[in-house]
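Protein chains in written order, with UniProt numbering: chain A, 1 to 235; chain C, 1 to 297.
Put into structure tokens, the structure is as follows:
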């Protein structure tokens with residue numbers, strides 16, 4: 001479904017990705033693990049069109065999107081929930097969700113999708129008229145994910161959805177992601193919290209210095225001594 | 001007293017129209033568009049050119065013709081605003097803020113002295129003059145033309161507000177103002193929406209220009225300079241970046257000026273207005289309605 005083939009990305013002379021390659025198959029939850037600065041966020045930014053790779057190729061569902069713009073990429077059903085949630089703080093919860101449906105031409109369809117999100121996340125329905133910035137961190141993360149769902153993703157990319165959240169809330173967010181995946185949406189999940197990510201992932205990659213150094217089923221990664229040592233804080 | 005308030009409201013509605021565009025562009029791009037006042041001037045001159053070329057039949061249907069000319073001038077000024085954004089501002093979108101600001105000053109001079117070359121340095125007499133009948137309300141003499149102009153200004157502002165608060169593109173504008181990257185990730189074509197904001201803001205300034213020309217009767221290539229600064233003041237008083245703030249700030253500034261002029265004399269009008277700018281910037285830089293976002297992390 002998504003194929004990243006040897007992409008290079010640099011920011012003003014500093015190269016962040018060196019021939020990064022990975023694939024996400026239909027229906028998979030793929031976890032991208034690695035330390036800060038390893039290149040996980042850069043990978044997502046390249047896929048969603050925020051930065052343009054200097055080399056390599058990105059193919060989504062048979063479309064070459066290496067040089068496509070973010071609106072084109074969202075239009076194909078590839079939606080990115082950015083690091084730090086980035087919800088629109090003075091827009092209401094409802095308006096934030098409506099922004100997710102920006103490219104959906106039919107207002108009735110947007111309403112149906114927003115209703116589906118409210119069904120999935122009743123807390124958001126209670127707070128629909130509240131400004132997004134007044135929500136708690138966990139609710140903001142739910143809103144960011146809900147907003148992306150309204151865009152109708154077939155592949156959802158999430159960047160550090162557990163960041164700054166209490167353990168119980170992390171569990172709730174991971175359950176939500178698993179639920180979205182069961183609904184038929186593939187997921188590419190960037191996480192520092194490797195333990196939580198590997199619980200819901202089917203497969204995982206370990207990223208170091210701008211490329212993938214390890215690719216294995218999630219269960220294997222969770223038992224791999226190198227991974228345990230580096231990312232799961234030893235056991 | 002009623003007369004003072006009325007005069008303040010009338011001038012304030014012009015300020016509000018110009019301040020809206022100022023605030024809109026600032027909100028979405030964090031750019032103080034110094035050329036904004038000159039778009040008001042450009043609108044007045046486009047209206048002037050249209051009215052002069054139609055002058056054969058305007059004498060009789062002045063108000064209807066004026067509204068048509070107003071609409072056409074708005075379109076013309078709006079397109080000019082879009083062109084300025086495309087040529088002068090877009091290439092500098094990721095440059096330091098100061099470069100953009102200096103470019104805006106440059107765009108302002110280009111418009112002013114470009115118009116001086118085209119129309120000459122002398123004031124032009126507007127071919128339509130709204131004087132005419134007036135009505136008496138609570139002791140104030142109110143011109144019918146003034147009423148119509150205020151009505152048009154209010155209609156334009158109400159329409160814009162509804163558009164920004166309810167429509168899909170208006171929502172996108174507010175979203176870009178808050179976080180352009182997140183807006184792009186929702187599929188918003190940021191360039192298109194910014195161009196749209198420039199079109200609307202410039203069109204409103206153009207409308208104010210035509211209205212001012214037909215009310216005061218005379219226009220010149222520097223007429224946008226002071227109004228640009230006044231609109232900026234109005235936007236700051238109301239809370240720059242806020243739509244309702246710009247409208248409120250315009251009206252408040254108009255009233256302040258009107259009272260100041262009455263008690264201190266006309267020569268103090270601008271001193272008074274800019275003293276309030278300084279006052280607000282020191283005491284309440286977020287303005288009357290400026291948004292202070294409470295955000296939990």
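Just so you know, even glycine gets a beta-carbon here, dropped at the ideal spot from N, CA and C.
> When DSSP labels each residue in this structure, what does residue 189(A) get in the three-state scheme?
Replying inline: The answer is strand: DSSP assigns residue 189(A) an E or B state.
>> By alpha-carbon positions, which one of 11(C), 15(C) and 167(C) ends up nearest to residue 193(C)?
In response: The shortest C-alpha separation from residue 193(C) is found at 167(C).
> Name the chain A residues that come within less than 9 Å of residue 72(C), Cβ to Cβ?
Replying inline: Result: empty, since nearest Cβ-Cβ is about 31 Å, beyond 9 Å.
> Which residues, in chain order, does the segment 97 to 112 of chain A contribute to contact with chain C at a C-beta distance below 7 Å?
Replying inline: Identification of residues in the segment 97 to 112 of chain A having a C-beta nearer than 7 Å to some C-beta of chain C yields 98, 99, 100, 102 and 103, given in sequence order.
> If you count every other CB in all the chains shown that lies within 10 Å of the CB of residue 36(C), and 16 or more means buried, which is it?
Replying inline: So residue 36(C) ends up on the buried side.
>> Does the CB of residue 74(A) have a neighbour CB from chain C at under 8 Å?
In response: True, the Cβ-Cβ gap to chain C drops below 8 Å.
>> Taking the straight line between their C-alpha atoms, what separation do you get for residue 235(A) and residue 94(C)?
In response: For residue 235(A), the pLDDT reaches just 41, beneath the cut-off of 50, and the residue's location in the model is therefore unreliable, although a value from the coordinates is still provided. Distance between the alpha carbons of residue 235(A) and residue 94(C): 46 Å.
>> Give me the DSSP bridge partner(s) of residue 156(A).
In response: The partner list for residue 156(A) (beta bridge, DSSP) reads 79(A) and 187(A).
> The alpha helix (DSSP H) with residue 215(C) in it runs from where to where?
Replying inline: Annotation: the continuous alpha helix (DSSP H) that includes residue 215(C) extends over 190 to 216.
> Contact check, residue 189(A) vs residue 177(A) under 8 Å by CB: the rounded distance?
Replying inline: Rounded, the Cβ-Cβ distance is 7 Å, consistent with contact.
>> Checking the sheet assignment: what are the DSSP bridge partners for residue 22(A)?
In response: Residue pairing by DSSP places residue 22(A) opposite 4(A) in a beta bridge.
>> Is it buried or exposed, residue 2(A), if we count other Cβ atoms within 10 angstroms and call 16 or more buried?
In response: Counting Cβ neighbours within 10 Å, residue 2(A) comes out buried, since at least 16 surround it.
> For the 8 Å Cβ check, are there 3 or more pairs between the segment 120 to 129 of chain A and the segment 162 to 169 of chain A?
Replying inline: As far as the Cβ criterion goes, the segment 120 to 129 of chain A does not touch the segment 162 to 169 of chain A, which means the pair count is below three.
>> Considering just the uninterrupted stretch of the alpha helix (DSSP H) at residue 106(C), what are its terminal residues?
In response: For residue 106(C), the uninterrupted alpha helix (DSSP H) run begins and ends at 97 to 119, by DSSP.
>> Using 8 Å as the threshold, is the C-beta distance between residue 95(A) and residue 171(C) below it?
In response: Cβ atoms of residue 95(A) and residue 171(C): closer than 8 Å.
> Within 10 angstroms of its Cβ, does residue 19(C) collect 16 or more other Cβ (buried), or is it exposed?
Replying inline: Burial check for residue 19(C): the Cβ neighbour count within 10 Å reaches 16 or more, so the residue is buried.
> In chain C, which residues lie with their C-beta within 7 Å of the C-beta of residue 60(A)?
Replying inline: Here the premise fails: no neighbours, minimum Cβ distance about 15 Å.
>> Measuring straight from C-alpha to C-alpha, what distance separates residue 163(C) and residue 191(C)?
In response: Near 19 Å, if we compare the C-alpha coordinates of residue 191(C) and residue 163(C).
>> Suppose contacts are defined by Cβ-Cβ distances below 8 Å. Is residue 282(C) in contact with residue 269(C) by that definition?
In response: Against a cut-off of 8 Å, the Cβ pair of residue 269(C) and residue 282(C) comes out as no contact.
> Between residue 224(C) and residue 41(C), which are expected to be in contact by the criterion C-beta below 8 Å, what is the C-beta distance as a whole number of angstroms?
Replying inline: About 3 Å separates the Cβ atoms of residue 224(C) and residue 41(C), confirming a contact at the 8 Å cut-off.
>> Can you find the residues in the same chain that come closer than 8 Å, C-beta to C-beta, to residue 5(C), ignoring five residues on each side of it along the sequence?
In response: Only residues of its own chain outside the window of five on either side were considered, and among them 140, 255 and 258 have a CB closer than 8 Å to the CB of residue 5(C), listed in chain order.
> Under a Cβ-count criterion, where at least 16 other Cβ atoms within 10 Å of its own Cβ denotes burial, should residue 223(A) be classed as buried or exposed?
Replying inline: Per the 10 Å Cβ criterion, exposed.
> Going straight from the alpha carbon of residue 105(C) to that of residue 71(C), what length do you get?
Replying inline: Whole-angstrom Cα-Cα distance: 27 Å.
> Residues in the segment 82 to 93 of chain A with C-beta within 7 Å of chain C's C-beta atoms, listed in sequence order?
Replying inline: Residues passing the 7 Å Cβ filter: 82, 86, 88, 89, 90 and 91.
>> Suppose contacts are defined by Cβ-Cβ distances below 8 Å. Is residue 206(C) in contact with residue 76(C) by that definition?
In response: Yes, the pair counts as a contact, with Cβ atoms nearer than the cut-off.
> Using a Cβ-Cβ cut-off of 7 Å (strictly less than) and excluding sequence neighbours within five positions of residue 227(C), which residues of its own chain qualify?
Replying inline: Closer than 7 Å at the Cβ level, and outside the excluded window around residue 227(C), lie 18, 37 and 40.
> Using the beta-carbon of each residue, which ones in chain A are nearer than 8 Å to residue 173(C)?
Replying inline: Within 8 Å of the CB of residue 173(C), no CB atom of chain A is found; the nearest one sits about 11 Å away.
> How is residue 16(A) classed by DSSP in three states: helix, strand or coil?
Replying inline: Of the three classes helix, strand and coil, the one that applies to residue 16(A) here is strand, per DSSP.
> Per DSSP, residue 63(A) is paired with what?
Replying inline: For residue 63(A), which the question treats as bridged, DSSP gives the partners 60(A).
>> Please list, in chain order, the chain C residues whose beta carbon lies closer than 9 Å to that of residue 50(A).
In response: Correct list: 181, 184 and 185.
>> Using DSSP's beta-bridge definition, name the partner residues of residue 136(C).
In response: Bridge partners of residue 136(C): 141(C).
>> Is there a C-beta anywhere in chain C that falls below 8 Å from the one on residue 70(A)?
In response: Taking a beta-carbon distance threshold of 8 Å, residue 70(A) counts as an interface residue toward chain C.
> How many whole angstroms separate the CB atoms of residue 97(A) and residue 150(A), which I take to be in contact at a CB cut-off of 8 Å?
Replying inline: For residue 97(A) against residue 150(A), the beta-carbon gap comes to about 5 Å, under 8 Å, which counts as contact.
>> According to DSSP, residue 206(A) sits in a beta bridge with which residue or residues?
In response: Per DSSP, 33(A) and 214(A).
> Per DSSP, what kind of secondary structure is residue 55(A) in: helix, strand or coil?
Replying inline: Reduced to three states, the DSSP call for residue 55(A) is strand.
> Mind listing which residues of the segment 149 to 175 of chain C have their C-beta closer than 9 Å to chain A's C-betas, in chain order?
Replying inline: Answer in chain order: 168, 171, 172, 174 and 175.
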